[in-house]
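Below is one structure; the comments refer to it alone.
Protein chains: 2
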Amino acid sequence: MSTHHFLNNIFPSKNFSTEELETILPKFKQVKFAKNDYLLTEGNTENDYWFIESGFVRSYVIDTEGNDITTNFYAAYDIVIDWSSFFLRNPTRENIQALSDCVCWQLDFDTFQFLFHTIQSFREQGRTTLVGSYFTLKNQRISMIADQAKERYLRLLQEKPHIIQNISLKHIATYLGITDTSLSRIRKEIAEA
Amino acid sequence: MSTHHFLNNIFPSKNFSTEELETILPKFKQVKFAKNDYLLTEGNTENDYWFIESGFVRSYVIDTEGNDITTNFYAAYDIVIDWSSFFLRNPTRENIQALSDCVCWQLDFDTFQFLFHTIQSFREQGRTTLVGSYFTLKNQRISMIADQAKERYLRLLQEKPHIIQNISLKHIATYLGITDTSLSRIRKEIAEA
DNA sequence: TAGTTTTCTTGTCCTATGTCAAGTTTTAAT
DNA sequence: ATTAAAACTTGACATAGGACAAGAAAACTA
């Protein structure tokens, strides 16, 4: 294992002993996805998750009217996982697709379970990551209720500028819960102000 | 410990050994809340969570315009917890209030940590519960984007009829992301149909 | 049991955002 | 380079749901 491994960013030595890292890091396998490849498709149960070293990924669902709704964007250092499919071992409703060529580090469920039940710091970090996702999602739900579309866009712009710059308007629009037409007008309004 | 303890519903013997239950159950403390009591208030870090034996509880946040927005309802057998405040040890934005007199079973963070790191089945169950909450929240977010207010109301009616029967219209309305005026009209429309 | 407060309903009018459709610009492919 | 396909913009119009206000009906309270 090289001393400058991508995964050292994910598992920093301040949180893990050398011995723990020697157990954890070799369990991850580097995988590459080409643009438009699917990491997961509706109806399947997710058996792996990934950390992104480079590239962009999007997850989406198809609603009852057949509309594509973006549920999340993922970029370098993010974890790509459908928490409920991975942990509850249920078929997912989500599609997860590479928006560009990607380099990822993959771990499968059984290996995750082994590390989770063996290494205390690993499960602490896993729990923290999941709770962090929960927190983000809860704030998004509140924002859908309390904020106007323009405010939601401005917040995204501030929090994830790399998303706005790399991802098509229509995908950002469904993520914000508006139409591409509206988002185009919001952008115009901001540009003119 | 009596053989017919409320907590046996939460920790069923099919998932836990007798020995494990003898470790877990006595750690919970029965607490009672009177109607309108707060279990948690904004700005504080949650150090306990509860299972509800009886009663109704509501959590809400105050948005930037000072509006009260219901984030969740809790009834018998539900876990009452602010996941992010409890696990990330951060001050919460939520207020959690008893809507009726309640009997609850309480566990504090340090005891949780002890059980989580000691008992495998305890942490499996904890993870499953958290992931279940995540799943529900994600579906609510998608529903806010994809469904009309009436559909969201009808789904709530179907999934949690006890909520509709016990909780005031205005609290249900903010939970669904609409005004009480709109919800009143939706109810009328459904009644007339 | 009257009085007060809260909850719920209903009317009128308004606004943010959606729908549809026609262009324009950008990107991708041969 | 040429064409085809996406992505984006813009206009005209429609609509779900919001804002405000006045009553009616319940639910507490003294």
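From first to last, the protein sequence lines stand for chains A and B.
For the first sequence, this note's numbering begins at 1 and goes up steadily by one.
For the second sequence, this note's numbering begins at 1 and goes up steadily by one.
Ideal Cβ placement from N, Cα and C applies to all residues, glycine included.
Around the C-beta of I81 of chain B, are 16 or more other C-beta atoms found within 10 angstroms, so that it is buried, or is it exposed?
Translated into positions along the second sequence, residue 81 of chain B becomes position 81. I81 of chain B is buried by the Cβ-count criterion.
Proximal chain A residues relative to V103 of chain B, where beta-carbon distance stays under 7 Å
On the second sequence, residue 103 of chain B is found 103 positions in, with the first residue counted as 1. Those within 7 Å of V103 of chain B in chain A number zero; the least Cβ separation is about 27 Å.
Going by Cα to Cα distance, which pick from A:L176, A:Q148, A:G66 and A:L7 is closest to K27 of chain A?
Counted from its first residue, the first sequence places residue 27 of chain A at position 27. Cα-wise, what sits closest to K27 of chain A is A:L7.
Which same chain residues end up closer than 6 Å to K29 of chain B when comparing Cβ atoms and leaving out the 5 residues on each side of it in sequence?
Within the second sequence, residue 29 of chain B is the residue found at index 29, counting from 1. Only Q106 meet the Cβ criterion.
Contact the stretch 38–57 of chain B vs the stretch 99–117 of chain B: 3+ CB pairs below 8 Å
yes
Take M1 of chain B and list the residues in its own chain whose beta-carbon comes closer than 6 Å to its own, dropping the five residues that flank it on each side.
To locate residue 1 of chain B, count along the second sequence from 1; it is residue 1. At M1 of chain B, the pLDDT of 48 sits below 50, so the modelled position is not reliable and the matter cannot be decided from this model.
Should G177 of chain A be flagged as near chain B, meaning a C-beta pair shorter than 8 Å?
Position 177 of the first sequence, counted from the first residue, corresponds to residue 177 of chain A. For G177 of chain A, the answer is yes, since a Cβ of chain B falls inside 8 Å of its Cβ.
8 Å Cβ cut-off: residues of chain A touching K138 of chain B:
On the second sequence, residue 138 of chain B is found 138 positions in, with the first residue counted as 1. T71, S84 and L137, listed in chain order.
Tell me whether S85 of chain B sits in a helix, a strand or coil according to DSSP, three-state version.
By one-based count along the second sequence, residue 85 of chain B stands at place 85. Residue state, collapsed to three classes: helix.
Beta-carbon gap between L39 of chain A and I79 of chain A smaller than 8 Å:
Start at 1 with the first residue of the first sequence, and residue 39 of chain A comes out as number 39. Start at 1 with the first residue of the first sequence, and residue 79 of chain A comes out as number 79. In this structure, I79 of chain A does not lie closer than 8 Å to L39 of chain A by Cβ.
Where does E53 of chain A fall in DSSP's three states?
Locating residue 53 of chain A in the first sequence gives position 53, counting from the first residue. The answer is strand: DSSP assigns E53 of chain A an E or B state.
Rounded distance between the beta-carbons of T71 of chain A and Y60 of chain A, thought under 8 Å
Start at 1 with the first residue of the first sequence, and residue 60 of chain A comes out as number 60. Start at 1 with the first residue of the first sequence, and residue 71 of chain A comes out as number 71. About 6 Å separates the two Cβ atoms, so the contact holds.
Starting from I164 of chain A, trace the alpha helix (DSSP H) in both directions and tell me its first and last residue.
What you label residue 164 of chain A is simply residue 164 of the first sequence in a count that begins at 1. I164 of chain A -> alpha helix (DSSP H) spans P161 to N166.
Report the three-state DSSP secondary structure of Y77 of chain A (helix, strand or coil).
Taking the first residue of the first sequence as position 1, residue 77 of chain A is located at position 77. Note: Y77 of chain A maps to coil in three-state DSSP.
When you compare each of A:L176, A:D180, A:S100 and A:K170 to Y74 of chain A by their alpha carbons, which one comes out closest?
Taking the first sequence and counting its residues from 1, one reaches residue 74 of chain A at position 74. Y74 of chain A has its Cα closest to that of A:S100, out of A:L176, A:D180, A:S100 and A:K170.
Is there a Cβ from chain B that is less than 8 Å from the Cβ of I145 of chain A?
For the purposes of this step, residue 145 of chain A is taken as residue 145 along the first sequence, with counting starting at 1. By this cut-off, I145 of chain A is an interface position.
Beta-carbon gap between F122 of chain A and L115 of chain A smaller than 8 Å
Here residue 122 of chain A corresponds to residue number 122 of the first sequence, with the count starting at 1. Here residue 115 of chain A corresponds to residue number 115 of the first sequence, with the count starting at 1. Going by C-beta atoms, F122 of chain A is nearer than 8 Å to L115 of chain A.
Could you tell me whether any Cβ in chain A is nearer than 8 Å to the Cβ of D48 of chain B?
Position 48 of the second sequence, counted from the start, is the residue given in the question as residue 48 of chain B. Closer than 8 Å: no.
List, in chain order, every chain B residue whose beta-carbon is nearer than 9 Å to that of R123 of chain A.
Position 123 of the first sequence holds residue 123 of chain A. Chain B residues near R123 of chain A: F116, H117, R123 and R127.
Give every residue of the same chain whose Cβ lies closer than 6 Å to the Cβ of K150 of chain A, excluding the five residues on either side of it in the sequence, and list them in chain order.
As a first step, residue 150 of chain A must be located in the first sequence, where it is residue number 150. Excluding positions up to five away in sequence, the list reads I186.
Should the stretch 135–144 of chain A be called in touch with the stretch 128–146 of chain B, which here means at least 3 C-beta pairs below 8 Å?
yes
Find the nearest neighbour of D48 of chain B within the set B:N67, B:S85, B:F16 and B:N36, judged by alpha-carbon distance.
One-based indexing of the second sequence puts residue 48 of chain B at position 48. Closest option to D48 of chain B, Cα to Cα, is B:S85.
For I142 of chain B, report the span of its alpha helix (DSSP H) as first-last.
Position 142 of the second sequence, counted from the start, is the residue given in the question as residue 142 of chain B. Note, I142 of chain B: alpha helix (DSSP H), Q120 to A146.
Partner residues on chain B for Q120 of chain A, Cβ-Cβ distance less than 8 Å:
Here residue 120 of chain A refers to the residue found at position 120 of the first sequence. Within 8 Å Cβ-Cβ: H117.
So D108 of chain B is in the beta strand (DSSP E); what residue range does that whole segment cover?
On the second sequence, residue 108 of chain B is found 108 positions in, with the first residue counted as 1. Segment C102 to D108, the beta strand (DSSP E) holding D108 of chain B.
If we call anything under 8 Å between Cβ atoms a contact, is L156 of chain B one with L176 of chain B?
Taking the first residue of the second sequence as position 1, residue 156 of chain B is located at position 156. Taking the first residue of the second sequence as position 1, residue 176 of chain B is located at position 176. A contact, by the Cβ cut-off of 8 Å.
On a CA-only basis, which of B:T181, B:E124, B:T111 and B:R89 is nearest Q113 of chain A? Give me that one, please.
Numbered from 1 along the first sequence, position 113 holds the residue referred to as residue 113 of chain A. Looking at the Cα atoms, B:E124 is the closest of the given residues.
Nearest-angstrom Cα distance between F87 of chain B and Y134 of chain A?
Here residue 87 of chain B refers to the residue found at position 87 of the second sequence. Here residue 134 of chain A refers to the residue found at position 134 of the first sequence. Roughly 11 Å between the two C-alpha positions.
Candidates B:A98, B:E19 and B:N90: which alpha carbon is nearest N166 of chain B's?
Numbered from 1 along the second sequence, position 166 holds the residue referred to as residue 166 of chain B. The residue with the shortest Cα to Cα distance from N166 of chain B is B:A98.
Which one of B:T118, B:V131 and B:I62 has the shortest CA to CA distance from T92 of chain B?
As a position in the second sequence, residue 92 of chain B is number 92, starting the count at 1. If we check each option's Cα against that of T92 of chain B, B:I62 comes out closest.
The alpha helix (DSSP H) with I186 of chain A in it runs from where to where?
Translated into positions along the first sequence, residue 186 of chain A becomes position 186. Unbroken alpha helix (DSSP H) run through I186 of chain A: D180 to E192.
How long is the line joining the alpha carbons of K160 of chain B and R152 of chain B, rounded to whole angstroms?
Taking the first residue of the second sequence as 1, we reach residue 160 of chain B at position 160. Taking the first residue of the second sequence as 1, we reach residue 152 of chain B at position 152. Cα-Cα distance, rounded: 12 Å.
Got a sec: is the Cβ-Cβ distance from S133 of chain A to anything in chain B below 8 Å?
The residue you call residue 133 of chain A lines up with position 133 of the first sequence. By this cut-off, S133 of chain A is an interface position.
Let me see if you follow: with CB-CB separation under 8 Å, is V61 of chain A close to chain B or not?
Taking the first residue of the first sequence as 1, we reach residue 61 of chain A at position 61. Closer than 8 Å: yes.
First and last residue of the uninterrupted alpha helix (DSSP H) at N95 of chain A:
For this step, residue 95 of chain A is matched to residue 95 along the first sequence. No alpha helix (DSSP H) holds N95 of chain A; the beta strand (DSSP E) holding it covers N95 to A98.
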